[in-house]
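Accompanying notes for the structure given below.
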């Protein structure tokens, strides 16, 4: 496929108020010739200076200035390679604006519909996971009633999250063999998680556990109940 086709098809799909930023070089001509500007769209490029690798930082700046508008960085492999570090800026913006706003809206909806429910979020001390299912930043957890941390491969993440968070942190244990789970040691994992500061335990994929897995879950609950009695 010729790159001109990409520019042409992109142009047809842009919102009427989209902002397009392009790099300097042949890609500038492709954008100018094959992305028609219409409506309230804006088009940015380096102009007389022909600065290399400008599309990505231009697009990031445009999105910060106009968070509700569609922003496109039309860049080639050379331009992106030269300023690839700016992707970290884009991820930070996604964390601080898009993910935060989305999470707040979802939590507000849940609390309005079911105020009696506790709202929990999965967490990870690894910042690059923040936008994913397992990635809530523990230092931003005030929105939730508690955090859940995967602990079936150790309690390191749990310990770090407990230290950083002001809300209760629960340990998630895996009831099946897949994804690194060790259901035959659920009881030991539960005891270790509680000793590391977990406020409670959650069993992930309990509904998929076989007979052996269900027996390990019973062993876990009995061990935890025995410890509570003592």
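In the working numbering, the protein residues as written are 136 to 365.
Even for Gly, the Cβ is constructed at its ideal location relative to N, Cα and C.
None of these values were measured; they are calculated from a predicted model.
- Message: The beta strand (DSSP E) that contains residue 177, what's its start and end?
- Response: Taking the chain shown and counting its residues from 1, the one referred to as residue 177 is at position 42. Element bounds for residue 177: 177-179.
- Query: Between the beta-carbon of residue 258 and the beta-carbon of residue 241, is there less than 8 Å?
  - Reply: Reading the chain shown from its first residue, position 123 is the one you call residue 258. Reading the chain shown from its first residue, position 106 is the one you call residue 241. For residue 258 and residue 241, no; Cβs fall outside 8 Å.
- Query: Is the beta carbon of residue 328 sitting closer than 8 Å to the one on residue 290?
  - Reply: Stepping through the chain shown from its first residue, residue 328 is reached at position 193. Stepping through the chain shown from its first residue, residue 290 is reached at position 155. Their beta carbons are under 8 Å apart, which means residue 328 touches residue 290 by this criterion.
- Where residue 169 and residue 237 are concerned, what is the direct C-alpha to C-alpha distance, given to the nearest angstrom? Counting from one through the chain shown, the residue named residue 169 turns up at place 34. Counting from one through the chain shown, the residue named residue 237 turns up at place 102. Rounded to the nearest angstrom, the two C-alpha atoms are 34 Å apart.
- Could you give the distance in angstroms between the alpha-carbon of residue 198 and the alpha-carbon of residue 161? Looking up residue 198 in the chain shown gives position 63. Looking up residue 161 in the chain shown gives position 26. If you take the alpha carbons of residue 198 and residue 161, they lie about 24 Å apart.
- Item | Any alpha helix (DSSP H) of 4 or more consecutive residues that is wholly inside the region 207-287 | 212-217, 221-228, 235-248
- Residue nearest to residue 235 in terms of C-alpha spacing, selected from 277, 335, 342, 295: Here residue 235 corresponds to residue number 100 of the chain shown, with the count starting at 1. Checking every option, the nearest Cα to that of residue 235 belongs to 277.
- Task: Assign residue 268 to one of two classes, buried (16 or more other C-beta atoms within 10 Å of its C-beta) or exposed (fewer than that).
- Result: Translated into the one-based positions of the chain shown, residue 268 becomes position 133. Only weak support is given to the placement of residue 268: the predicted model assigns it a pLDDT of 49, under 50, and the question is left unresolved by the model.
- Quick one: what's residue 339 bridged to in DSSP? Along the chain shown, read from residue 1 onward, the residue named residue 339 stands at position 204. Partner(s): 309.
- Message: Here's the rule: buried if 16 or more other CB atoms are within 10 angstroms of the residue's CB, otherwise exposed. What is residue 279?
- Response: Numbered from 1 along the chain shown, position 144 holds the residue referred to as residue 279. Looking at its Cβ environment, which holds 16 or more other Cβ atoms inside 10 Å, residue 279 is buried.
- Item | Other residues of its chain near residue 354: CB distance less than 8 Å, five sequence neighbours each side excluded | Stepping through the chain shown from its first residue, residue 354 is reached at position 219. 321, 322, listed in sequence order.
- Message: Please state the DSSP three-state secondary structure of residue 157.
- Response: Stepping through the chain shown from its first residue, residue 157 is reached at position 22. The answer is strand: DSSP assigns residue 157 an E or B state.
- Message: Looking only at its chain, what residues have a beta carbon closer than 8 Å to the beta carbon of residue 207, apart from the 5 residues adjacent to it on each side?
- Response: Within the chain shown, the letter at position 72 stands for residue 207. Taken in chain order, the residues that qualify are 145, 149, 153, 154, 155, 156, 194.
- Task: Tell me, to the nearest whole angstrom, how far the beta carbon of residue 253 is from that of residue 281; I am working on the premise that it is less than 8 Å.
- Result: The residue labelled residue 253 in the question sits at position 118 within the chain shown. The residue labelled residue 281 in the question sits at position 146 within the chain shown. About 6 Å; that satisfies the 8 Å criterion.
- Quick one: using the 10 Å Cβ neighbour count with 16 as the cut-off for buried, is residue 244 buried or exposed? The residue given as residue 244 occupies position 109 in the chain shown. Exposed, since its Cβ has fewer than 16 Cβ neighbours within 10 Å.
- What's the gap between the Cα of residue 227 and the Cα of residue 190? The residue given as residue 227 occupies position 92 in the chain shown. The residue given as residue 190 occupies position 55 in the chain shown. Each residue's Cα considered, the two are about 18 Å apart.
- Query: Whose C-beta lies closer than 6 Å to the C-beta of residue 218 among residues of the same chain, with five residues either side of it excluded?
  - Reply: Taking the first residue of the chain shown as 1, we reach residue 218 at position 83. 188, 191.
- Query: Which first and last residues belong to the alpha helix (DSSP H) in which residue 197 is found?
  - Reply: As a working mapping, residue 197 is identified with position 62 in the chain shown. Counting along the chain, the alpha helix (DSSP H) containing residue 197 begins and ends at 190-200.
- Message: Taking the straight line between their C-alpha atoms, what separation do you get for residue 345 and residue 211?
- Response: Along the chain shown, one-based indexing puts residue 345 at 210. Along the chain shown, one-based indexing puts residue 211 at 76. Residue 345 and residue 211: Cα-Cα distance of roughly 51 Å.
- Task: Could you tell me whether the region 295-302 touches the region 337-344, using the rule of 3 or more Cβ pairs below 8 Å?
- Result: Contact between the region 295-302 and the region 337-344 is not established, with fewer than three Cβ pairs separated by less than 8 Å.
- Message: Comparing C-alpha positions only, which one of 184, 177, 181, 185 sits nearest to residue 200?
- Response: Translated into positions along the chain shown, residue 200 becomes position 65. The shortest Cα separation from residue 200 among 184, 177, 181, 185 belongs to 177.
- Please name the residue in 174, 142, 185 whose C-alpha comes closest to that of residue 167. Within the chain shown, residue 167 is the residue found at index 32, counting from 1. For residue 167, the nearest C-alpha among the options comes from 142.
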